[in-house]
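There are 2 protein chains.
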Amino acid sequence: MRNERLQRIERLQERLRKQQTDGCMITQNVDLYYFTGSMQTGYLFVPCEGEARFFVRRSVVRAEEESAVAVEALGSFREFGKRLGELYAALFQAAGADSKLRFAAEFDVLPVQQLQRLQAVLPAVEWIDGSLLIRELRMIKSAAELSCIREAARVVDLAFEEALTTLRPGMTELELMSGIELSIRREGHIGLMRMRGYNQEVITGMIGAGEAAAVPSYFDGPAGGQGLGAVVPQSVSRRPIQSGEPILMDIGCCIDGYVIDQTRTVSLGPPSEDLLQAYEESERILRHVESMLQPGAVCEQLYRQSLILAHEAGLSDHFMGYGADQVKFLGHGIGLEIDELPVLAKGFSYPLQPGMVIAIEPKFTFPGRGVVGIENSYAITDNGFEKLTVTREGWVQLHL
Amino acid sequence: MRNERLQRIERLQERLRKQQTDGCMITQNVDLYYFTGSMQTGYLFVPCEGEARFFVRRSVVRAEEESAVAVEALGSFREFGKRLGELYAALFQAAGADSKLRFAAEFDVLPVQQLQRLQAVLPAVEWIDGSLLIRELRMIKSAAELSCIREAARVVDLAFEEALTTLRPGMTELELMSGIELSIRREGHIGLMRMRGYNQEVITGMIGAGEAAAVPSYFDGPAGGQGLGAVVPQSVSRRPIQSGEPILMDIGCCIDGYVIDQTRTVSLGPPSEDLLQAYEESERILRHVESMLQPGAVCEQLYRQSLILAHEAGLSDHFMGYGADQVKFLGHGIGLEIDELPVLAKGFSYPLQPGMVIAIEPKFTFPGRGVVGIENSYAITDNGFEKLTVTREGWVQLHL
């Protein structure tokens, strides 16, 4: 893993040079882990050429054990600019007195206060947004990363099957979810799921039965769920699950830092015929998109194709949410975070590449009745794809 | 609650006027909930005088149900500046052509990208940091907020006592924690704990037994825990719990959005005499600090007093962490987030006021052996304090 992390830094340096950027200051915990192997707090400085260095605030001892990159105690932050100037003298001198150095930082997550602190100690630096740079690097997963996601897929499948054995009419979404959370936690779920988007939170996914699944939500997904109240307006509610209604089980877990994301539709007893047909349409869309999953296919084309198929099935109004609350994507990258690149949506012209991992989730929302659909996670391979999700497909009808 | 939220906005407006600030743009989910009662995504604009308005991106329907403040669909973000100019014409005109309007925003959590988006649509505005303004308002809790924290205290006590009945030698910290998480979740824990600090994460607290508790950690607390690996370098590990060693159980939960934070020290069978003495010193410090807990007492004085007492006991080197990894505080505010104001630390000159809620956590770290201590949460009242934590005190020795 040490070499892999150093290669990641080299790839970042290549990108920096291409964009005439002199360096990158990485501060977010997940990005720090990606490049160094450590999540201790501090500043990872990656110059466009030469050795990167991880300036650690706390804990230095622990960072030294974990980091693939050379660690140095940050010490007084006021001296940080001076210290960088000493260590990277050539870089700072090359910029000269009249032109500023250009450093990239993660503007998508970096709070304004943090940038201001950096500006104060590095007045000779012009700061630019390096979010996309980093997110694009993270988009392509290594063999080691794929192994973690496969393990997460195994754990979530186990939890799903265990949960089905406990499902009874009258059970609440919260009760069903608490059992799943216990299963995944015992198997090593880290206790949280990471999401990059500002103000977005993800618990262990959502279980939404009947109308509760179809409630609109701030959550940036096709079915956020009703939640326990205005202070957690997504995921499970205390509504009792009833026979016959669709139970959307969109669940995930995080093993060794890597998340999986999958959805299955379940009911206690037989569902309504039209909902079952809509569910089958979601599987048809998934099969069709699978047939396009190979290097070179363009992300937004996959999304467009799903819109066409939903339209042909007469289900456009219900696809990926309902009415004003429809979301405009079909899938999203997963990895250390649940909202990685690429996104299967308009404006994302990325061609698929081997190593991308994408959760694809065609779903149909019926206000007052529920949400049906399926979600699998896939790795793009040299010739096509590997389905990472191992859970059985099809609408799961449990006997009453 | 509707009136309470409108009063909060009035208090914010008073503060804005005092600081010659023309308005405040609130975007963070927790702050949005605090002022509107809704956590849907969008922008809450609070002018220094007149009616606030919540511009909601998603879900408008849901925000309308939840919000105490008038809701308007955000629509195209490009038009947002124009729309604000129309709605708050007097405010925008008063600024005139040569002087900029001053708007505050939450620079402690607002990502740079988000500020840049606001700057683009509101070029006539100078943005300043309003974090402290908002955090100071949130520091004083209402009766309704205190009720939520009391309920969280009840839930975490229940989970603690249940967990003790399952504790056996050889059980891992992770197993013990998974049981606690199940208990609190069934009682309505929202599935996550919120923390404001950049890059800080909190799960459901930490359980650390023996040496695992004393491992240094990036986490901004006296005992972060070993964690499951570099990708979650805090909280529980898979280390089996052994007889006689101190088991630090620093746990919390979040009920109706409000967190509680408490710590107890437990062992299977009798502990070492010196660790027991150190534990008793932590209770003595807590009792002493309690005797000072009343309106007017100065936060940093409480911290200083604890340092004096730890020193007198000959335990300075072990207090609140060990060596370079000691943290420089004794307690912290809790509420919607686990890291609220005030902080009992140097530089915090706030006098205590009725309604403040503070978790106070004197702890002693012994590298290679463990951490011992206690943590209670308190509300400051008109005459003194209310202890919110209901769990029994004293080192809990379980029979083998």
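Just so you know, the protein sequences line up as chains A and B, in that order. Each residue of the first sequence is one higher than the last, beginning at 1 in full-length UniProt numbering. Each residue of the second sequence is one higher than the last, beginning at 1 in full-length UniProt numbering. The C-beta atom is built at its ideal place from N, Cα and C for all residues, glycine as well.
Name the one or two DSSP bridge partners that residue i has.
i: B/Leu101; result: B/Val125
i: B/Thr263; result: B/Asp250, B/Glu375
i: A/Lys141; result: Looking at the DSSP assignment, A/Lys141 forms no beta bridge with any residue, so it has no partner.
i: residue 407 of chain A; result: Since the first residue shown for chain A is 1 and the last is 400, residue 407 of chain A is missing from the structure and cannot be characterised.
i: A/Ile255; result: A/Tyr258
i: B/Ile380; result: B/Phe385
i: B/Tyr43; result: B/Phe55
i: B/Ile149; result: B/Ile149 is not bridged to any residue.
i: B/Gly23; result: B/Pro47, B/Phe103
Helix, strand or coil for residue i? Go by DSSP, reduced to three states.
i: A/Cys299; result: helix
i: B/Lys82; result: helix
i: B/Val289; result: helix
i: B/Ala52; result: coil
i: A/Phe35; result: helix
i: A/Arg168; result: coil
i: B/Glu173; result: helix
i: A/Glu72; result: strand
Among the options, which residue has its Cα nearest to the Cα of residue i?
i: A/Ala213; options: A/Met249, A/Gly81, A/Ala94, A/His189; result: A/Met249
i: B/Gln20; options: B/Gln28, B/Gly373, B/Glu49; result: B/Glu49
i: A/Tyr279; options: A/Val61, A/His332, A/Gly394; result: A/Gly394
i: A/Leu309; options: A/Val327, A/Ala297, A/Arg284, A/Arg117; result: A/Arg284
i: B/Gly227; options: A/Leu400, A/Ala209, A/His189, A/Arg15; result: A/His189
i: B/Gly81; options: B/Phe103, B/Ala63, B/Ala68; result: B/Phe103
i: B/Pro169; options: B/Leu122, B/Ala95, B/Val266, B/Asp382; result: B/Val266
i: A/Ala52; options: A/Val69, A/Gln7, A/Ser99; result: A/Val69
i: A/Asp22; options: A/Tyr43, A/Met1, A/Tyr88; result: A/Tyr88
i: A/Gly354; options: A/Ile360, A/Ala379, A/Ala345; result: A small correction: the amino acid at residue 354 of chain A is Pro; Gly does not occupy that position in the sequence shown. The residue with the shortest Cα to Cα distance from A/Pro354 is A/Ala379.
i: B/His288; options: B/Met25, B/Gln305, B/Leu276; result: B/Gln305
i: A/Arg392; options: A/Leu158, A/Leu336, A/Met206, A/Gly335; result: A/Leu158
i: A/Gln277; options: A/Ile360, A/Gln262, A/Ser291, A/Pro246; result: A/Pro246
i: B/Ala345; options: B/Ile358, B/Glu337, B/Ala209, B/Leu336; result: B/Ile358
i: A/Lys18; options: A/Met39, A/Met1, A/Pro47, A/Gly37; result: A/Pro47
i: A/Glu14; options: A/Leu137, A/Ser38, A/Val232, A/Gly42; result: A/Leu137
i: A/Glu300; options: A/Leu268, A/Gly252, A/Leu352; result: A/Leu352
i: B/Gly269; options: B/Val56, B/Ser59, B/Leu167; result: B/Leu167
i: A/Gln7; options: A/Val396, A/Ser142, A/Ile128, A/Leu307; result: A/Ser142
i: A/Ser147; options: A/Lys387, A/His399, A/Leu398; result: A/Lys387
i: B/Val156; options: B/Val390, B/Leu400, B/Leu398, B/Gln397; result: B/Val390
i: A/Gly210; options: A/Asp108, A/Glu173, A/Ser59, A/Leu398; result: A/Glu173
Discussion item. If contact is defined by three or more beta carbon pairs under 8 angstroms, each pair taking one atom from either stretch, is the region 124–141 of chain B in contact with the region 326–343 of chain B?
Written reply: yes
Worksheet entry | Stretch-stretch touch, CB-based, cutoff 8 angstroms, three pairs: the region 20–36 of chain A with the region 193–205 of chain B | yes
Worksheet item: Do the region 352–371 of chain A and the region 308–319 of chain A meet, that is, are 3 or more Cβ pairs less than 8 angstroms apart?
Response: yes
Worksheet entry | Touching by the beta-carbon criterion (3+ pairs, under 8 angstroms), the region 227–247 of chain A and the region 207–226 of chain B | no
Fill in: Stretch pair the region 225–238 of chain A + the region 321–336 of chain A: three plus CB contacts closer than 8 angstroms
no
Worksheet item: Counting Cβ pairs closer than 8 angstroms, one from the region 180–188 of chain B and one from the region 177–189 of chain A, do we hit at least three?
Response: yes
Fill in: Start-end ranges of the beta strand (DSSP E) lying completely within the region 177–246 of chain B, minimum 3 residues
205–209
Worksheet item: Can at least three beta-carbon pairs, one atom from the region 250–262 of chain B and one from the region 142–154 of chain B, be found at a separation below 8 angstroms?
Response: yes
Worksheet item: Does the count of Cβ pairs from the region 370–383 of chain A and the region 76–96 of chain B closer than 8 angstroms reach three?
Response: no
Worksheet item: Looking at C-beta atoms only, is the number of pairs between the region 115–130 of chain A and the region 71–89 of chain A that lie closer than 8 angstroms three or more?
Response: yes
Worksheet item: In chain order, which beta strand (DSSP E) runs of at least 3 residues are fully inside the region 304–370 of chain A?
Response: 329–333, 340–345, 357–360, 363–366
Worksheet entry | Touch test, the region 160–174 of chain A against the region 57–77 of chain A, Cβ-Cβ under 8 angstroms, three pairs minimum | no
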